[in-house]
Structure formats: C-alpha cells, structure tokens
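Counting in the numbering used here, the sequence shown runs without a single skipped number right up to 200 at its last residue.
Notes follow the structure.
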Amino acid sequence: ARFTMMCDVDNPLVGPEGASLVFGPQKGASPEVARRLDDGMRNWARVLEETFGRSFDVPGAGAAGGLGAACLALLDAESVSGVTRVLELVGFDALLAGADLCVTGEGHADAQTARGKVVAGVAAACERAGVPCAAVVGGMSADAAGLPDLAAMVPTAIDAMPLEEALGRAEELYALAAERLFSLLALGCELGKRQA
5 ARFTMMCDVD NPLVGPEGAS LVFGPQKGAS PEVARRLDDG MRNWARVLEE
55 TFGRSFDVPG AGAAGGLGAA CLALLDAESV SGVTRVLELV GFDALLAGAD
105 LCVTGEGHAD AQTARGKVVA GVAAACERAG VPCAAVVGGM SADAAGLPDL
155 AAMVPTAIDA MPLEEALGRA EELYALAAER LFSLLALGCE LGKRQA
C-alpha cells in the first residue's frame, strides 16, 4: 500500500521554523522548553537519518509535532498539501463557478496561516477563480497580515477575554463576526452604487 500524508503546514522538523520552536509556544511551552524540545527533535532527526540513510528535515516534516517526519520515514509516505488535496477531492473550483464571494475561516490566524493552512489554500483558489475571499477567524495575531489573496479578515473577539470563555461562546462570537463582515460588504456595495 502507498501512504499519502496530507499536511496543512510546510514547517521543517527542526530549527527556527521547526515543529518545537513554532508550535511548542502555541501549545504552552516556554522558550526554554521549546529549545529543549528542538534539541530532542535534532537527536531524533539524526537517528532517522542514520537509520534510513536520508534526511527527513524537509517541508512538512514538522507537521503535528514531528509526525510528518515519522510518516515520511516509517511509512515512506508521499507528502502533499492537505488543503490542496481536499479542495481537489470536493471539486472546489467547480463550486466556485458563479460565486460572488467565498467566506472561510480558522481558529487563530497568525504568520503560520500563510504557510499552507486552509485559509491560505482557499484564498489562493479563489484568487485563481477571480472570486473575492474573506475569512472569519477566532483570533488574530498582529503577524496575520500578509495573505495577498484574502480580501478581508474579521476576528470573532470583541473584548479581551480568556480563551476558555471565547471557546465557550464560539457559536455566538462567530455569528457576530459574520454579521460584521456582511455589514461591511453591504457598506461596500452601497458605496459602489454611489460611485456608479
């Protein structure tokens, strides 16, 4: 059997963009703990290379805390972009035909969003199809800017609140964010009519 590994990130296994240093802090690791985790990953990468005769520190190897490297090494898996494959499987390009707008989203947008996550993949497909794309996101870091294919990004957070509260109110907060997004779109349409 042939295995295919679908990744939503292109992070390598180790280093500044690797699994431990990028995702460790997102999961609560202090900078010191993240560095120690990266050191451990370097040891594991060395063992994999010695065992299999090649490096597995490639794009996608850092996915899921290094599970990407394990799939590549132990299953001899082919690595593909998860969002690209899923969009192909659902016939997304055909679904976009005739659409005026696409709205997508994710839990938290940050610099990582542009590195193969769903929002970036959907926005790129929309750009190719000439369909504007907006995103509703649970939270948004200052470094979330930089998705050139995305027309707008609206976070759900309306006040500073603990993550637990935001998660508990997710349905309500996403509905409010969608209302804000579509109010802005309506405003844009109204302004467009005035200029015509």
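All C-beta atoms, glycine included, are put in the ideal place defined by N, C-alpha and C.
Just so you know, these numbers come straight off a predicted model, no measurement behind them.
Rounded to whole angstroms, Gly69 and Met165 show a C-alpha spacing of 28 Å. Distance between Ala98 and Glu53, taken at the CA atoms: about 42 Å. Cβ-Cβ separation between Val123 and Ala139: approximately 5 Å, consistent with a contact (criterion under 8 Å). Within the region 107-134, the complete alpha helix (DSSP H) segments at least 4 residues long are 122-133, listed from N- to C-terminus. Taken through DSSP and simplified to helix, strand or coil, Gly86 comes out as helix.
Closest option to Glu92, judged by alpha-carbon separation, among Thr117, Gly125, Cys75: Gly125. The three-state reading of DSSP puts Met45 in helix, counting H, G and I together. When DSSP states are grouped into helix, strand and coil, Thr160 belongs to the coil group. Remark: C-beta atoms of Gly28 and Val37 approach each other more closely than 8 Å. In this structure, the alpha-carbon of Leu76 lies about 37 Å from that of Glu175. Its chain contains Val140, Val141, Gly142, Gly143, Ala170, Ala174, Leu177, Tyr178, Leu180, Ala181 as the residues whose beta carbon lies nearer than 8 Å to that of Thr160, once the 5 sequence neighbours on both sides are disregarded; these appear in chain order. Taking C-beta separations shorter than 7 Å and ignoring five residues to either side along the sequence, the partners of Asp14 in its chain run Pro63, Gly64, Arg119, Gly120, following chain order.
When the five nearest sequence neighbours on each side are left out, the beta carbons in the same chain lying within less than 7 Å of the beta carbon of Ala128 are those of Asp153, in order along the chain.
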